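Step one of this worksheet: look at the structure below.
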Amino acid sequence: MPLVNGGRIVDDSFVKLAVDTPLPEGGDILVPAERFLGEADALLKRSGKVGVIWPNNRDIAELVPYLGKIAAVALVFPTFRDGRAYSQARLLRERYNYRGELRATGQVLRDQFVFMLRAGFDAFEVKKQADAEAFMQTAKRYSVFYQPTGDGRITALHRRMQLRHSEGVGT
Amino acid sequence: MYAYDEIDRTLVNERVSEFRDQVKRRLSGELTEDEFKILRLQNGVYLQLHAYMFRVAIPYGTLATNQLRALAHVARKYDRGYGHFTTRQNIQFNWIKLAELPDALADLAKVGIHAMQTSGNNMRNVTSDQWAGVAPGEIEDPRIWSELIRQHTTLHPEFSFLPRKFKIAITASDHDRAAIKIHDIGLRLIKNEKGETGFEVLVGGGLGRTPFIAKTIKHFVHGRDILSYIEAILRVYNQYGRRDNIYKARIKILVHELGIEKFSREVEDEWQQIRNSSLQIDDEVIEDIRSRFTYPAYEKLPHMPDELRQAAADPDFEAWRKNSVAPHKVQGYSIVTISLKPTGGPPGDATAEQMDALADLADKYSFGEIRVGHEQNLALPHVAKRDLPALWKALDKLGLATPNVNLITDIIACPGLDYCSLANARSIPIAQELTRRFANHELANLIGRLHINISGCINACGHHHVGHIGILGVEKNGEEVYQITIGGRADENAALGTLIGPGVKFDEVADVVEDIVEAYLALRERPEELFMDTVKRLGVEPFKERVYATR
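Chains as they are written, first to last, in my numbering: chain A, 9 to 179; chain B, 4 to 554.
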């Protein structure tokens, strides 16, 4: 499954651990939430980066004490019609000021890229190669956004206000 | 009228090109039907019994004449020459071809019409009072706020994959014509003691297999906070709404399971975190939207023009005027409701020719504006009273002057088994038969206000729970059986109807309705006592006795 990060297809430095996989010596690891919360101290002492795979039915606030210490949070879309992780993503970025990698996993298709970018995701485990290759093109599909989110894109309402004020100059 | 600016137009065009790409990928097999299903639903495309059905949004029920002509064009070019107006200010086309859909959307986009979020588990078309902006006594035009919310809910990055569909309706009049109490969020525009605009917010209304009347979650939310408050409700719903069972996924179930107190505390906690954010709306933003709604330059006209006085001699005109013409906030003008319920016709259908002709009449007599109401009728919102006789003649020629608005033949019905893949029973033929039974306008007038709502399955698209007489078609041992309720209503006193007894067969439905009506005529205290009031006074028992005594 190709990983898109920074708009490009990249190698994934992270290895996903199951609940009972033995801990590798070094290297970057993505750990399920339950295991992470159980062994956080030991995991964070290792040399490699640590990321957490957080299920979409668990309160993301539980992760807040660790946000400064982890390198990645992977949120889950069990099917692309299940949109709970969009709320988790916005909370992480906008309420808890998380600045590390925010990865979308599960059924990730190109038709969700814009929504995901707006919600604060910056890394994408894309289901289909063709979708991953079309990432940049798809991400640029929209130039108008009606809602303010943490991604900083200017909203239609704001753009109108700017236009109004610039038109007002000299009149 | 609201005029799209370059920003709105750009977004609609970007959406069309995205959908064109999605259709292309489906036709090439790149997208599976399962993947495509969600994507097409987000753009109003259902797969029905015979073909794809295409649902187009008419936000808050306001149409310009060029938009109505574009709908006629789509009916003619891509469909079979007609369209069906729904109970949520949408129009549906029943015979569209998938490969042609992107072109149909592009044609509509040219006049600022789209089909975004007219189906799927997202925020649906925002609906409002079809008399918004012209009803006497209205607090202010609710469409300004409807448009604000329309924009905010369009392609929302957090709430486009909700547990289930989500519907918002707004009213600003004492008499609720927008049925806000049967919506996921109902907004009643009010003023606080300082004269500032805000909303009573209701939540958790809805029909379907588990009907609920919405409950008040907050008595006053200031206008500047309305987006953050809606966002808080949606965030709670998106996270905690059930996703394990499609029949328990609507917000009404969450509100019911948590209780309104706990649900409102959750929303309040969330709201306090986001209310002072960029979601706060300042007056300038509202003024900007308001400035793009244009209002007619009304003339100073007499209350009773000569034309109207002369036409009063014609009993047919008078029958229509008394039935279909309502007071306007400006003297000398009227609101004219156009019945799409002709005797023997399917409720809510209009042909391409009717739509074009109506657009011409709206240009001539209604400042180029048409409205669509949830009762599946249309309205011309600004007709000078002096023009009423001429307008009536023209409407009559088009078959659009049936004087049955709000009467027993003004039936709301879903498409039912004739079109819909979910239906268990036919709806339209029941409606057609009832319009024939009660075709005599004197009889219909004698009966007075009486709404019959018909659904062909438990999903309740025909709003049967809130019909004064509600008819629900179900399937039992391979046969269509109809359950009859009475006493429902969808207005400010919204209530769910009560079942009167065992279901009846297709052939018996019209007889049963006649029995109920005869019982009412015999039981009412005086002619002014409406059916609803008699049911309220006496309960269902006497009606039940009458219906089942001989069955």
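We put the CB at the ideal spot given by N, CA and C, even for glycine. Computed from a predicted model, the values in this text were never measured in an experiment.
Cβ shell of residue i (< 8 Å), same chain only, five flanking positions each side left out
| i | result |
| --- | --- |
| residue 161(A) | 126 and 153 |
| residue 80(B) | 107 and 110 |
| residue 117(A) | 88, 134, 135, 136 and 139 |
| residue 343(B) | 88, 350, 351, 352, 353, 379, 380, 381 and 403 |
| residue 27(A) | 40, 42 and 43 |
Own chain, CB closer than 7 Å to residue i, minus 5 neighbours either side, in chain order
| i | result |
| --- | --- |
| residue 98(A) | 127, 128, 157 and 158 |
| residue 42(B) | 25 |
| residue 394(B) | 339, 364, 368 and 386 |
| residue 18(B) | 117 and 119 |
| residue 548(B) | none |
| residue 390(B) | 368 |
| residue 114(A) | 84, 85 and 86 |
| residue 501(B) | 488, 489, 490 and 543 |
| residue 149(A) | 122 |
Distance between beta carbons of residue j and residue i, contact taken as under 8 Å
| i | j | result |
| --- | --- | --- |
| residue 341(B) | residue 383(B) | 7 Å |
| residue 92(B) | residue 64(B) | 4 Å |
| residue 131(A) | residue 109(A) | 5 Å |
| residue 146(A) | residue 121(A) | 5 Å |
| residue 76(A) | residue 55(A) | About 18 Å; that fails the 8 Å criterion. |
| residue 46(A) | residue 22(A) | In fact, because the Cβ distance is near 19 Å, the residues do not count as touching under 8 Å. |
| residue 330(B) | residue 166(B) | In fact, because the Cβ distance is near 42 Å, the residues do not count as touching under 8 Å. |
| residue 506(B) | residue 484(B) | 4 Å |
Partner residues on chain A for residue i, Cβ-Cβ distance less than 9 Å
| i | result |
| --- | --- |
| residue 14(B) | 150, 151, 152, 153, 154 and 164 |
Chain B residues whose Cβ lies nearer than 8 Å to that of residue i
| i | result |
| --- | --- |
| residue 169(A) | 287, 288 and 291 |
| residue 174(A) | Within 8 Å Cβ-Cβ: nothing; residue 174(A) doesn't reach chain B, min ~14 Å. |
| residue 15(A) | Within chain B, no residue comes near residue 15(A); the closest Cβ sits about 18 Å away, beyond 8 Å. |
C-alpha distance - residue i paired with residue j, whole-angstrom precision
| i | j | result |
| --- | --- | --- |
| residue 361(B) | residue 386(B) | 13 Å |
| residue 492(B) | residue 176(B) | 17 Å |
| residue 35(B) | residue 53(B) | 21 Å |
| residue 440(B) | residue 28(B) | 50 Å |
| residue 542(B) | residue 355(B) | 44 Å |
| residue 550(B) | residue 135(B) | 40 Å |
| residue 165(A) | residue 76(B) | 32 Å |
| residue 333(B) | residue 20(B) | 43 Å |
| residue 518(B) | residue 124(B) | 41 Å |
| residue 298(B) | residue 88(B) | 25 Å |
| residue 179(B) | residue 205(B) | 13 Å |
| residue 95(A) | residue 466(B) | 32 Å |
| residue 242(B) | residue 164(B) | 11 Å |
| residue 2(B) | residue 423(B) | What the structure shows of chain B is the stretch from 4 to 554, and residue 2(B) is not part of that stretch, so it cannot be assessed. |
| residue 226(B) | residue 169(A) | 18 Å |
| residue 381(B) | residue 322(B) | 18 Å |
| residue 474(B) | residue 480(B) | 19 Å |
| residue 29(A) | residue 249(B) | 36 Å |
| residue 178(A) | residue 167(A) | The predicted model places residue 178(A) with a pLDDT of 45, which falls under 50 and marks its position as unreliable, so this point remains unresolved. |
| residue 416(B) | residue 98(B) | 19 Å |
| residue 418(B) | residue 451(B) | 26 Å |
| residue 328(B) | residue 337(B) | 6 Å |
| residue 115(B) | residue 376(B) | 20 Å |
| residue 230(B) | residue 296(B) | 20 Å |
| residue 211(B) | residue 181(B) | 18 Å |
6 Å Cβ shell around residue i - same chain, five flanking residues per side excluded
| i | result |
| --- | --- |
| residue 15(B) | 112 and 117 |
| residue 156(B) | 126 |
| residue 2(B) | Nothing can be reported for residue 2(B), as the shown portion of chain B is limited to 4 through 554. |
| residue 48(B) | 55 and 57 |
| residue 266(B) | 258 |
| residue 435(B) | 347 |
| residue 232(B) | 224 and 274 |
Residue i: contacting residues in chain A (beta-carbon distance under 8 Å)
| i | result |
| --- | --- |
| residue 157(B) | 154 |
| residue 10(B) | 152, 164, 167 and 168 |
| residue 154(B) | 154, 164 and 165 |
Interface residues of chain B facing residue i [CB-CB closer than 9 Å]
| i | result |
| --- | --- |
| residue 88(A) | 38, 41 and 164 |
| residue 111(A) | Chain B residues near residue 111(A): none, gap ~17 Å exceeds 9 Å. |
Contacts of residue i in chain B (Cβ-Cβ under 7 Å)
| i | result |
| --- | --- |
| residue 117(A) | 38 |
Chain-ordered chain A contacts of residue i [CB-CB under 7 Å]
| i | result |
| --- | --- |
| residue 21(B) | 149 |
Residue i Cβ short of 7 Å to the ligand NAP heavy atom set
| i | result |
| --- | --- |
| residue 96(A) | The model on display carries no ligand, and the ligand NAP is accordingly not part of it. |
task: Enumerate, from N- to C-terminal direction, the unbroken alpha helix (DSSP H) stretches of 4 or more residues contained entirely within the stretch 343–394 of chain B.
output: 355–368
task: Enumerate, from N- to C-terminal direction, the unbroken beta strand (DSSP E) stretches of 3 or more residues contained entirely within the stretch 54–112 of chain A.
output: 58–62 and 80–85
- request: Could I get the ranges of all uninterrupted beta strand (DSSP E) runs contained in the stretch 120–162 of chain A, with 3 residues as the minimum, in chain order?
  value: 131–133
field: Minimum length 3: unbroken beta strand (DSSP E) runs contained in the stretch 215–263 of chain B
entry: 218–225
query: Can you list, in chain order, the stretches of the alpha helix (DSSP H) that have 4 or more residues and sit fully within the stretch 415–461 of chain B?
result: 431–440 and 444–450
field: Whole runs of the beta strand (DSSP E) within the stretch 39–93 of chain B, excluding any shorter than 3 residues
entry: Correct list: 48–50, 55–60, 65–67 and 85–88.
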